[in-house]
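Trainee:
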Amino acid sequence: MLQFRASVVLKELIQTSPKRSFSHIIRHKKTLPNAYFYSAAYPDVRISKLKTVCNGRPFIQPLAGRRFLCTKTEGAIDPAAEPVKKDESVQEATADKRRKAGILPSLEDLLFYSIAEGQERIPAHKFITALKATGLRTGDPRLKECMDMLKVTLKSTSDGVMLDRHLFKKCVQSNIVLLTQAFRKKFVIPDFQPFASHIDTLYEKARKLSGGLVADYIPQIAKFSPDLWAVSLCTVDGQRHTVGDTKVPFCLQSCVKPLKYAIAVHDHGTEYVHQFIGKEPSGLRFNKLFLNEDDKPHNPMVNAGAIVCTSLIKQGAGNAEKFDYLMNFLKKMAGNEYVGFSNATFQSERESGDRNFAIGYYLKEKKCFPDGTDMTSVLDLYFQLCSIEVTCESASVMAATLANGGFCPITGERVLSPEAVRDTLSLMHSCGMYDFSGQFAFHVGLPAKSGVAGGILLVVPNVMGIMCWSPPLDKLGNSVRGIQFCTDLVSLFNFHNYDNLRHFTKKLDPRREGGDQRQYTFGPLDYESLQKELALKDTVWTKVSPTECNEDSSTTVVYRMENVGDGN
Numbered sequence: 008m009l010q011f012r013a014s015v016v017l018k019e020l021i022q023t024s025p026k027r028s029f030s031h032i033i034r035h036k037k038t039l040p041n042a043y044f045y046s047a048a049y050p051d052v053r054i055s056k057l058k059t060v061c062n063g064r065p066f067i068q069p070l071a072g073r074r075f076l077c078t079k080t081e082g083a084i085d086p087a088a089e090p091v092k093k094d095e096s097v098q099e100a101t102a103d104k105r106r107k108a109g110i111l112p113s114l115e116d117l118l119f120y121s122i123a124e125g126q127e128r129i130p131a132h133k134f135i136t137a138l139k140a141t142g143l144r145t146g147d148p149r150l151k152e153c154m155d156m157l158k159v160t161l162k163s164t165s166d167g168v169m170l171d172r173h174l175f176k177k178c179v180q181s182n183i184v185l186l187t188q189a190f191r192k193k194f195v196i197p198d199f200q201p202f203a204s205h206i207d208t209l210y211e212k213a214r215k216l217s218g219g220l221v222a223d224y225i226p227q228i229a230k231f232s233p234d235l236w237a238v239s240l241c242t243v244d245g246q247r248h249t250v251g252d253t254k255v256p257f258c259l260q261s262c263v264k265p266l267k268y269a270i271a272v273h274d275h276g277t278e279y280v281h282q283f284i285g286k287e288p289s290g291l292r293f294n295k296l297f298l299n300e301d302d303k304p305h306n307p308m309v310n311a312g313a314i315v316c317t318s319l320i321k322q323g324a325g326n327a328e329k330f331d332y333l334m335n336f337l338k339k340m341a342g343n344e345y346v347g348f349s350n351a352t353f354q355s356e357r358e359s360g361d362r363n364f365a366i367g368y369y370l371k372e373k374k375c376f377p378d379g380t381d382m383t384s385v386l387d388l389y390f391q392l393c394s395i396e397v398t399c400e401s402a403s404v405m406a407a408t409l410a411n412g413g414f415c416p417i418t419g420e421r422v423l424s425p426e427a428v429r430d431t432l433s434l435m436h437s438c439g440m441y442d443f444s445g446q447f448a449f450h451v452g453l454p455a456k457s458g459v460a461g462g463i464l465l466v467v468p469n470v471m472g473i474m475c476w477s478p479p480l481d482k483l484g485n486s487v488r489g490i491q492f493c494t495d496l497v498s499l500f501n502f503h504n505y506d507n508l509r510h511f512t513k514k515l516d517p518r519r520e521g522g523d524q525r526q527y528t529f530g531p532l533d534y535e536s537l538q539k540e541l542a543l544k545d546t547v548w549t550k551v552s553p554t555e556c557n558e559d560s561s562t563t564v565v566y567r568m569e570n571v572g573d574g575n
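The numbering of the sequence shown is our numbering, which starts it at 8 and goes up by one.
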């Protein structure tokens, strides 16, 4: 049974006769194969009394709390005349018969026909190409069964290339729900290829920039070429796109601060964590030896706050246990993609960390740590966490986990609590970009965190996570190319937190099919048609008695809709 929203049908009726009351008569004769029935299911006292009449008895009754539905049934069979079969085996057999008769094709069949385009067999590479066009990867953990079966199936075929309908169904049936969502454009970015092309254009524009200097106070970072530039994104549905040097490992540095804060809140809750750390931007350099009026670090995105935050995780455990715990947590956030550790960077951090040692002793003097904390041990773990390595690809999945409310988009596993994600994004928005945080919040309007290795972890809530990486930094310690890319991204797409998604017509909305937001907004000339559509709320459905129908032997169902308040 196929269901259609009645509002679509009613809109067409309004367009044909907008000025007067109208009626719609539907007839079914035994010789006709199809019929349409309109069932009113609307929480309205006027409509709740309605009973559709078919040959003198109720046929379809309104269901309270539902929407208007237009239902098309093959053969127009009275549901009251056909008893419901509760035996699952009988239902499955009936469904199989309908599929074989072509009445109820399976999702696998529909997917095959959409790719085959009239052919009886499809090349395997055509399916893979179509899959990648949706943004999914063949290495996606959610598609493992499908890809494994595809490899086995191709080995058993004569040419090792072509798939008929039976073999295709065998390959995709274990992941058919995800594949159907992808090919029906039900992901958050429905037209992924055009969107990816825009990302490539923004990448090339930022690549031409030549300003900035690579941080030199950590020797391992100073070795990076200033020409390295990469952008990787992952949507909340697991759509992926990368461009540039996305497989080169680099250290998270300060980009790890929001991640370990999220872990601390996940473990202990917001109230406990903020007994030790504030929530306000400091207005000072990130490594400043300074506390707020309550003798607490201003926020967890500056060094003092990040050191205290480190002391809250797995209290009482040794550093080895803490490090393993945090590494496993970060790997879950990254969907088990690359998360490593640079021992050389860790050694350099510790040898050149006089400023952080000074901050640590100052925090100890002000009793900012929980009771029983070993400050030097906390600093060692702090340096280790700054030395955790990622690639742009794995870090984009971490960002997407934050964008997805704590669920990793490529594994489906809940990693962080909603409370932890909410608080982390709030602080990233207000404090994440060093002394540029206010400017970034104003111009870009998205949560982000930068690091001295050149990374910018950017989150578009409920849409995607992005990692930009380019070692040259501006005078405030942010990636020059990364800042340019983020600014251009929000200039092109309506991702800014305060962009009006309905009336702002100068930006593209990749969350809508077609991408151009201007197709979906109401201009001044559209208000008349909008008012006509809204007038349906005042429409009454009345019953026509059988005597008003013509008196032949066929079944006639009549609905007359009278507009309440004509002319308004």
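Note that beta-carbon positions come from the ideal geometry of N, C-alpha and C, so glycine has one too.
Can you name the residues that DSSP bridges to His248?
Mentor: DSSP lists Leu240 as partners of His248.
Trainee: For the stretch 236-252 and the stretch 366-378, state whether three or more C-beta atom pairs, one from each stretch, are separated by less than 8 Å.
Mentor: Because the criterion of three Cβ pairs below 8 Å is not met, the stretch 236-252 and the stretch 366-378 do not touch.
Trainee: What separation, rounded to the nearest whole angstrom, lies between the Cα atoms of Ile228 and Ile206?
Mentor: Going from the Cα of Ile228 to the Cα of Ile206 covers about 27 Å.
Trainee: Measure the beta-carbon distance from Phe293 to Pro478 and round it to whole angstroms, keeping in mind my assumption that it falls under 8 Å.
Mentor: Incorrect: roughly 18 Å between the Cβ atoms, too far for contact.
Trainee: First and last residue of the alpha helix (DSSP H) that includes Ile135?
Mentor: First-last of the alpha helix (DSSP H) with Ile135: Ala131 to Ala140.
Trainee: Please classify Gly360: does DSSP put it in a helix, a strand, or coil?
Mentor: Three-state result, Gly360: coil.
Trainee: From which residue to which residue does the beta strand (DSSP E) around Leu465 run?
Mentor: Leu465 -> beta strand (DSSP E) spans Gly462 to Val467.
Trainee: Using C-beta distances below 6 Å, list every residue in its chain close to Thr352, excluding the 5 sequence neighbours before and after it, in chain order.
Mentor: Hits under 6 Å: Gln227, Cys258 and Ser394.
Trainee: Indicate whether the contact test is met: 3 or more Cβ pairs, each with one atom in the stretch 394-412 and one in the stretch 335-353, closer than 8 Å.
Mentor: They touch, by the three-pair rule.
Trainee: Output needed for Gly276: all residues of its chain with C-beta closer than 8 Å, excluding positions within five of it in sequence on either side, in chain order.
Mentor: Excluding sequence neighbours, Gly276 sits near Glu426.
Trainee: Does the pairing of the stretch 124-138 with the stretch 157-171 give three or more beta-carbon distances under 8 Å?
Mentor: Judged by Cβ distances under 8 Å, the stretch 124-138 makes contact with the stretch 157-171, as three or more pairs qualify.
Trainee: Work out the CA separation of Gly419 and Ala313 for me, nearest whole Å.
Mentor: Cα to Cα, Ala313 sits roughly 29 Å from Gly419.
Trainee: Mind checking Arg509: buried by the 16 CB within 10 Å criterion, or exposed?
Mentor: Per the 10 Å Cβ criterion, exposed.
Trainee: For Phe199, which residues from the same chain have a beta carbon less than 8 Å from its beta carbon, with the 5 sequence-adjacent residues on both sides left out?
Mentor: Counting only Cβ-Cβ distances below 8 Å, and skipping sequence neighbours, we find Ala140, Thr141, Gly142, Gln246 and His248.
Trainee: DSSP puts Ser457 in a beta bridge; with which residues?
Mentor: According to DSSP, which records beta bridges pairwise, Ser457 is partnered with Ile463.
Trainee: Kindly indicate the opening and closing residues of the alpha helix (DSSP H) around Ile206.
Mentor: Ile206 -> alpha helix (DSSP H) spans Phe199 to Arg214.
Trainee: Can you round the beta-carbon distance between Met440 and Asn485 to whole angstroms, since I take them to be within the 8 Å contact cut?
Mentor: With a Cβ gap of about 6 Å, Met440 and Asn485 count as contacting.
Trainee: Apart from the five residues on each side of it in sequence, which residues of its chain come closer than 7 Å, Cβ to Cβ, to Pro307?
Mentor: Same-chain partners within the cutoff: Lys264, Tyr268, Ile284, Ala313, Cys316 and Leu434.
Trainee: How long is the line joining the alpha carbons of Val459 and Val159, rounded to whole angstroms?
Mentor: Roughly 47 Å between the two C-alpha positions.
Trainee: Suppose only complete runs of 3+ residues qualify. What are the beta strand (DSSP E) ranges in the stretch 376-462, listed by chain order?
Mentor: Entirely contained in the stretch 376-462, the beta strand (DSSP E) runs reaching 3 residues are, in chain order, 395-397 and 455-457.
Trainee: Is Asn182 near Leu138, with beta carbons less than 7 Å apart?
Mentor: No, Cβ-Cβ distance for Asn182 and Leu138 is not below 7 Å.
Trainee: Our contact map puts Ala448 next to Ser437 with C-beta atoms below 8 Å; I'd like the distance itself, whole angstroms only.
Mentor: Yes, they are in contact, since the Cβ atoms of Ala448 and Ser437 sit about 7 Å apart, within 8 Å.
Trainee: For Gly347, which of helix, strand or coil comes out of DSSP?
Mentor: Strand at Gly347.
Trainee: With distances taken from CA atoms, which of Leu464, Glu300 and Phe364 is nearest Val238?
Mentor: That would be Leu464, whose Cα lies nearest to the Cα of Val238.
Trainee: Between the Cα of Val466 and the Cα atoms of Ser113, Cys262, Cys178 and Phe202, which residue gives the shortest distance?
Mentor: Of the listed residues, the one whose Cα sits closest to Val466 is Cys262.
Trainee: Along the chain, where does the beta strand (DSSP E) containing Leu337 start, and where does it finish?
Mentor: Element bounds for Leu337: not the beta strand (DSSP E) but the alpha helix (DSSP H), Asn326 to Met340.
Trainee: Classify Gly251: buried if its beta carbon has 16 or more other beta carbons within 10 angstroms, exposed otherwise.
Mentor: Flag for Gly251 reads buried.
Trainee: Of the residues Leu480, Met382, Ser355 and Thr187, which one's Cα is nearest the Cα of Ala365?
Mentor: Nearest C-alpha to Ala365: Met382.
Trainee: What separation, rounded to the nearest whole angstrom, lies between the Cα atoms of Asp223 and Gly367?
Mentor: When rounded, the distance between both Cα atoms is 23 Å.
Trainee: Any idea which residues DSSP pairs Gly472 with across the strands?
Mentor: Paired residues: Cys241 and Val466.
Trainee: Specify the secondary structure class of Asp147 as computed by DSSP and reduced to three states.
Mentor: Three-state DSSP puts Asp147 in coil, outside helix and strand.
Trainee: DSSP on Phe492, reduced to helix/strand/coil?
Mentor: DSSP places Phe492 in helix when its eight states are reduced to three.
Trainee: Mapping DSSP to helix, strand and coil, what is Ser113?
Mentor: Looking at Ser113 - three-state DSSP - the assignment turns out to be coil, as it is neither helix nor strand.
Trainee: How many Å lie between Phe348 and Val397 at the Cα?
Mentor: Roughly 8 Å between the two C-alpha positions.
Trainee: Between the alpha carbons of Val385 and Phe202, how many angstroms are there, rounded?
Mentor: Using only the alpha carbons, I get a separation of about 43 Å.
Trainee: Can you check which of these residues, Leu333, Leu370 and Cys415, is closest to Gln391 by C-alpha distance?
Mentor: Residue Leu333 is the option with its Cα nearest to Gln391.
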